[in-house]
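For reference, the structure discussed in these notes is given below.
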Amino acid sequence: MGRITLDKVTKKFGEVEVIPPLDLTIEDGEFVVFVGPSGCGKSTLLRLIAGLEDVSSGHIQIDGRDATEVPPAKRGLAMVFQSYALYPHMSVRKNIAFPLRMAGLSKDEQDKRVSGAAEVLNLTAYLDRRPGQLSGGQRQRVAIGRAIVREPAAFLFDEPLSNLDAALRVGMRLEISELHKRLETTMIYVTHDQVEAMTMADKIVVLRAGNIEQVGSPLELYQSPRNTFVAGFIGSPRMNLIEGAEAAKHDATTIGIRPEHIAISPTEGTWQGKVGVSEHLGSDTFFHVTGTGLADAITVRAGGEVSLRYGDTIYLTPEEGKLHRFDAKGLRI
Amino acid sequence: MARSVTTRRKIVYTVLAWGVGLLIFFPILWTILTSFKTEADAIAAPPKFLFFHWTLENYAVVQERSDYMRHLWNSIVIAGGSTLLGTVVAVPAAWSMAFVPSRRTKDILMWMLSTKMLPAVGVLYPIYLMFIQLGLLDTRTGLVIVMMLINLPIIIWMLFTYFREIPGEILEAARMDGATLRAEILYVLTPMALPGIASTILLNVILAWNEAFWTLNLTAANAGPLTAFIASYSSPEGLFFAKLSAASVMAFAPILVLGWFSQKQLVRGLTFGAVK
Amino acid sequence: MATQHSRAAARLMMAPAVILLLGWMLVPLILTLYFSFKRYLPLRGDSLGKGLDWVGFQNYARFVTSSSFWPSIQVTLIIVGGVLVVTVLLGTLLAVLLDQPMWGTGIVRILVISPFFVMPTVSGLVWKNMFMDSTNGLFAHLWRAFGAAPVDWVSQQSLFSIILIVSWEWLPFATLILLTAIQSLDSEQLEAAEMDGAPALKRFWFIVIPHLSRAITIVILIQTIFLLSIFAEIYVTTAGAFGTKTLTYLIFQRVLESQNVGLGSAGGVYAIILANIVAIFLMRIVGKNLDA
């Protein structure tokens, strides 16, 4: 079981308040992603839950039990660190068995659980190696293995994929998601990468300067961002945010339109501009359109094979009903 | 450096470096050679370098005259004991300073180092009196305690610098894995810092082995280590170069050999962990 | 990293070391201070049990006005300064040499660090007798070979001799630290400077030397700590004669040889003050380096 409740939790480092009073409930079995730019307090929040930092005030409950004063070892949580934090002097087998050894399990039980985890994570062939002899992806799996053998109430992941190269990252993302489906254990996952957030989360918590900007499912966040910050942060490439006269036409201070919600045409449309830099991804092409008078550049998505070239005139038409409107405070209207 | 070096340059450097190296090593070499000479050969003019009558007699004489084995044993007990005791006290302290730093950590470390600067001679007599009172004068126990205390700041400092290189996340991982503090230090920190700890221990064994102020002033016949043993050769008694050399070799050989065999750790330790 | 639990644990684990060192510092220090205001001549029957006479600052005054005081300060500074200059200069040159490509680096390194393993009493005696002796020493043989009159180093060039012996002991240390520092210099920096057209000497001066400054500071700091209290080298060579009486040695003589504890303790307090002046100065530098 792993239901985690934060009740008016704050954290100060000296005089600096990193987390202002914050409430959050994470349901049992949920995959929750904390996402935000660097310095938004997401890692601190995770470490507060882990018990590696003290809360300055407020309470943390794990499965209805007040865990605020409980040391990390006794919270029943497992954590996967950004650097993996494997024990370099121990073999993979010993790394994975370490928490079991600390819990005083019998040697047989340790072996059983370690081989179980190794099988799940494809590590059986590497059990006798040292972490130094493994690739980044394998180390990552060892770190996960060390976490799952404990059968924790919840898993905490602190930017676990940021040290992997792009190709591996996609693979590991899938593996972690699959693991979650199979174990159905609560997972809290911290990342600055909104793609990871969108692809993995049941529930995303967008943080900025220690404040929760919005909590919701990936689709909710995508479809109805509560403010311009979330609008700009979720989605790739970023949502185009347009201010000024064009926004006023829609009774808003800022309007937003996603690149994938703009139709393009070489001959006619609502807005006119020139093709700037274009990025061809094969399946998609992104054009950065300049000279529209709306914003420095508007990003639009087109199909994979469009033959528009640098400097060509282009017409843009926002899709009806996909326009997001925000007021002077940046809040959604 | 991915750059080829001309053989000629390499030859020049090799000759130069070996020359300087041998020059620096020469006093030791000369002492070793002289220790195998007869007293007459030892002072022969011109000096005899290799072609002399080799003999082991001096070693036998020195052992007989000064009871080398007892002094050796004293040195081992004092240097080894004080270093181990110091390490046991220093590991937890260094852990605290490296992984739970506070605003005062740096001050405490500086203060500890500054006790090392306290001139021993300034406090010699009080220690002397206390030793008499406590019956520690001329005992190995007394010297183990004093050596431990004078080297403790260095041990802490060195361990601190080595510990600081270990990422805190690994210790946190251990904590998350349910390790108690004791387990964290015993099973994770210590094995990871083992090379550093070894360097620290080696260096401090050497420092304690060679320490010659307290050992000379607080011991007499009973607990005197090799520093005291050799000091008894400072007053010349007739022809004695060969015997002095033999005694000298007996005093530095154990530590020299230890140093050579553990060169790698020691080079690290010799920098007191201050330079990477 | 820091929770209340770990902070509490940290304090607890610091405690033994702190308490031991505090005791080691305070108890003798207080006793020394106490004795320094007393008349305490154990040979004339003074003892703690009978009670000691209070003499105020008399010991302090006598110690400074004694004809040996200022020379001893001078000697101390000359020896410390001399050894520092020699070891840092030669150490830098040697480190640069050892950093060059050559055959047998490992063995050369062993040769160079060996003096560090020799205890001060031994090196003092070996140098004094087998090298510096005016009849049978190697230097005397060498001098005679060149037709010069042999020098009795220990008595005629006493300070130079002490500096030579102590420098020999500490050169390995300086060399090793500086060598380690040189090896940590990013070779790309040197290559970039070479591309920029800097000749070898300028590269050394503008890139290697500044890179070494931290290491040199550390050499100076650590050596000063040890050099201020050198004792054995003097004890076995000149025994304080021939103008080699350092402050340490002077106090040693007052306390143990002439058994004037009060006077020696006053001297000890002076030595502590001197050491503290040096310490404050050095700690500043190290403190700065600690942050780096």
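Residue numbers (the numbering used here), protein chains in the order written: chain V, 1330 to 1662; chain W, 7 to 282; chain B, 3 to 294. Backbone N, C-alpha and C fix where the C-beta goes; we use that ideal spot for every residue, glycine too. Note that the coordinates shown come from a computational prediction; the quantities given were computed from them, not determined experimentally.
Kindly give me the distance between the Cβ atoms of residue i and residue j, rounded to whole angstroms, as I take these residues to be in contact under 8 Å.
i: F193/W; j: L99/B; result: Rather than Phe, the amino acid found at residue 193/W in this sequence is Tyr. About 44 Å; that fails the 8 Å criterion.
i: L124/W; j: I274/B; result: 6 Å
i: V1409/V; j: P1350/V; result: About 28 Å; that fails the 8 Å criterion.
i: L165/W; j: V106/W; result: About 15 Å separates the two Cβ atoms, so there is no contact after all.
i: Y42/B; j: V263/B; result: 4 Å
i: I227/B; j: K122/W; result: 6 Å
i: I1333/V; j: T1515/V; result: 7 Å
i: L223/B; j: V168/B; result: About 17 Å separates the two Cβ atoms, so there is no contact after all.
Identify whether residue i lies in helix, strand or coil by the three-state DSSP scheme.
i: H1609/V; result: strand
i: V1519/V; result: strand
i: K43/W; result: coil
i: S238/W; result: coil
i: E190/W; result: helix
i: F254/B; result: helix
i: W105/B; result: coil
i: K40/B; result: strand
i: H1509/V; result: helix
i: F283/B; result: helix
i: E1637/V; result: Checking the sequence, you will find Leu at residue 1637/V rather than Glu. If DSSP states are grouped into helix, strand and coil, L1637/V belongs with coil.
i: R1661/V; result: strand
i: L1353/V; result: strand
i: L91/B; result: helix
i: R46/B; result: helix
i: I1391/V; result: strand
i: G244/W; result: Any reading at G244/W must be qualified, since the residue scores a pLDDT of 47, below 50, and its modelled position is unreliable; no value is offered.
i: F233/B; result: coil
i: F119/B; result: helix
i: N223/W; result: helix
i: M182/W; result: helix
On the DSSP bridge list, what partners appear for residue i?
i: Q1543/V; result: V1535/V
i: Q185/B; result: In the DSSP output, where bridge partners are listed per residue, Q185/B has none listed.
i: T1599/V; result: Paired residue(s): none; T1599/V is not in a bridge.
i: I17/W; result: DSSP output for I17/W lists no bridge partner at all.
i: K1340/V; result: I1348/V
i: D1487/V; result: V1519/V
i: L1570/V; result: G1585/V
i: G1301/V; result: Examination of residue 1301/V is not possible in this model, given that chain V is present from 1330 through 1662 alone.
i: Y1644/V; result: S1594/V, Q1601/V
i: I1627/V; result: V1618/V
i: L1335/V; result: L1353/V, I1389/V
i: R1654/V; result: I1584/V
i: V57/B; result: None, per the DSSP bridge assignment.
i: V1361/V; result: I1517/V, K1532/V
i: N228/W; result: BP columns for N228/W are empty, so no partner.
i: N1556/V; result: L1660/V
With a threshold of 16 other CB atoms inside 10 Å of the CB of residue i, please say whether the residue is buried or exposed.
i: N228/W; result: exposed
i: A10/B; result: exposed
i: G128/W; result: buried
i: M16/B; result: buried
i: G244/W; result: Low per-residue confidence applies at G244/W: pLDDT is 47, beneath 50, and the placement is therefore not dependable, though the value from the model is reported in the following sentence. The residue in question, G244/W, is exposed, as its Cβ has fewer than 16 Cβ neighbours within 10 Å.
i: W26/B; result: buried
i: H1609/V; result: exposed
i: G1611/V; result: exposed
i: M285/B; result: buried
i: T137/B; result: exposed
i: A202/B; result: exposed
i: F133/B; result: buried
i: I1355/V; result: buried
i: D48/B; result: buried
i: G265/W; result: buried
i: V85/B; result: buried
Run the proximity test for residue i: is its beta-carbon closer than 6 Å to any non-hydrogen atom belonging to the ligand ATP?
i: L24/B; result: Among the components modelled here there is no ligand, and therefore nothing to report on the ligand ATP.
message = Please give the ranges of any alpha helix (DSSP H) in the stretch 53 to 119 of chain W, keeping only runs that are unbroken, at least 4 residues long and fully inside the region.
response = 63 to 72, 74 to 105
inquiry  = In chain order, what are the residue ranges of uninterrupted alpha helix (DSSP H) at least 4 long that sit wholly in the stretch 1393 to 1448 of chain V?
reply    = 1421 to 1431
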